[in-house]
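Q:
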Amino acid sequence: MNNTLTRLNEKVYFICGVGHSGSTLLGLILGSHSDCFYCGEAAKSRFLHDPNKPIKKRVCKICGFDCRVWGDLNLTDSLDLYEQVSRKTEKPIMIDSTKNLEWLEEQLTAIARTTAQPFLIFLQRDGRAVLNSRIRKYPDKDIKELIESWRTQIQLTKELFQSFEHKKIKIRYEELATQPETVTRNLCDFLEIDYQPEMLHYYQQEHHPLGGNDGTQFLVTKAQTEKIKEPIVSLSEKNSYYYQDRSLGISLDLRWMEELDPNSKRLFEEIVGQENEEMKWGF
Numbered sequence: 001m002n003n004t005l006t007r008l009n010e011k012v013y014f015i016c017g018v019g020h021s022g023s024t025l026l027g028l029i030l031g032s033h034s035d036c037f038y039c040g041e042a043a044k045s046r047f048l049h050d051p052n053k054p055i056k057k058r059v060c061k062i063c064g065f066d067c068r069v070w071g072d073l074n075l076t077d078s079l080d081l082y083e084q085v086s087r088k089t090e091k092p093i094m095i096d097s098t099k100n101l102e103w104l105e106e107q108l109t110a111i112a113r114t115t116a117q118p119f120l121i122f123l124q125r126d127g128r129a130v131l132n133s134r135i136r137k138y139p140d141k142d143i144k145e146l147i148e149s150w151r152t153q154i155q156l157t158k159e160l161f162q163s164f165e166h167k168k169i170k171i172r173y174e175e176l177a178t179q180p181e182t183v184t185r186n187l188c189d190f191l192e193i194d195y196q197p198e199m200l201h202y203y204q205q206e207h208h209p210l211g212g213n214d215g216t217q218f219l220v221t222k223a224q225t226e227k228i229k230e231p232i233v234s235l236s237e238k239n240s241y242y243y244q245d246r247s248l249g250i251s252l253d254l255r256w257m258e259e260l261d262p263n264s265k266r267l268f269e270e271i272v273g274q275e276n277e278e279m280k281w282g283f
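Those letters in the sequence shown? Residues 1 to 283, by UniProt numbering.
1. With 16 as the cutoff for other CB atoms within 10 Å, does K61 come out buried or exposed?
2. Rounded to a whole number of angstroms, what is the C-alpha to C-alpha distance between D35 and K227?
3. On the DSSP bridge list, what partners appear for D96?
4. Alpha carbon to alpha carbon, how far is W281 from L30?
5. Which runs of the alpha helix (DSSP H), 4 residues or longer, sit entirely within the segment 156-190?
6. Of all the options S240, I143, Y241, P231, which has the alpha carbon lying nearest to the alpha carbon of V272?
7. I'd like to confirm the pairing. Which residues does DSSP put opposite F37 in its beta bridges?
8. Terminal residues of the continuous alpha helix (DSSP H) containing P118?
9. Quick check: what's the CA-CA separation for T4 versus E10?
10. At a cut of 8 Å, does the segment 149-169 reach the segment 33-51 through at least three beta carbon pairs?
11. Hey, would you say L108 sits closer than 8 Å to P118, going by beta carbons?
12. According to DSSP, L210 sits in a beta bridge with which residue or residues?
13. My output table needs one value for G31: the three-state DSSP class, helix, strand or coil.
14. Label Q274 either buried or exposed according to how many other C-beta atoms from any shown protein chain fall within 10 Å of its C-beta, with 16 as the threshold for buried.
15. How far does the alpha helix (DSSP H) with S86 in it extend, from its first residue to its last?
16. Who are the Cβ neighbours of F47 in its own chain at under 6 Å, not counting the five residues just before and after it?
17. Bridge partners of G64, per DSSP?
18. Any idea if C247 is buried or exposed, counting beta-carbon neighbours within 10 angstroms, 16 or more meaning buried?
19. So, helix, strand or coil for V272, using DSSP?
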């Protein structure tokens, strides 16, 4: 079926990298632009309406089953995902922060057959911060296994980035969090959209993400308690102390500097210190 003449979706911004690197924050910022819709981790659209999947993996994290975007969306094979969501949201630009490389390759192939323009954003964060987040989330996993997993994902993402033939850019999470306006303005120029100040107040905008970081999404529900009565997103006990009393503005998360024990830091440096050099922040 040829839908190129009536296509609404003009661009897709893919945010790649390693999980726990700030992609939910970046996605929500970009998704606050009037022409953009942030899908979240769009790969989770495969789980829509699947009762065998956990609720948090198959519904909008903000508004749940009654989501006006995902709630009644029945995907078809006749159109790519981004065109279907563009038609549902009436937004020409889609944002996908799925990290799975196989998914990204599949979607790039799918939209290559259309007029949509793909952009690739490689979001980088100090690997020690990522490791700390993964230890918090998976306390029973072997530290070395978590480190090796980080290295594999970084290597595969670098390969994708190098081979990508369209517009691509590297962004540092730490720079986004400490210089949000400057970084966002520069990124908007690169993405060929106008900078809109409300993007930095992402927590005041309407969002419907699949998957993603609970803490960042919690700030959206916290800012909109009158609109969002029963959000799906919730905080784990280990994250509650950090986000419950946190201000809504964009700020740098450096918990790893205090939480990551010296042995884990040492092991990380021994195994992947060289690979992390490009992403290192602080000492």
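Even for Gly, the Cβ is constructed at its ideal location relative to N, Cα and C. Here the structure is a predicted model, which is why all the values come from computation and not from measurement.
A: Let me lay it out:
1. buried
2. For D35 and K227, the distance between alpha carbons rounds to 22 Å.
3. F14
4. 24 Å
5. 173-178
6. Scanning S240, I143, Y241, P231 for the CA closest to the CA of V272 turns up I143.
7. Under DSSP, F37 shares a beta bridge with M94.
8. P118 -> not in any alpha helix (DSSP H); beta strand (DSSP E) instead, spanning 117-124.
9. Its pLDDT being 47, under 50, T4 is placed unreliably by the model, and nothing is read from it.
10. no
11. Yes, the pair counts as a contact, with Cβ atoms nearer than the cut-off.
12. G40
13. helix
14. exposed
15. 81-89
16. K53, K57, R58
17. C60
18. Per the sequence shown, residue 247 should be read as Ser rather than Cys. By the 10 Å Cβ count, S247 comes out exposed.
19. helix
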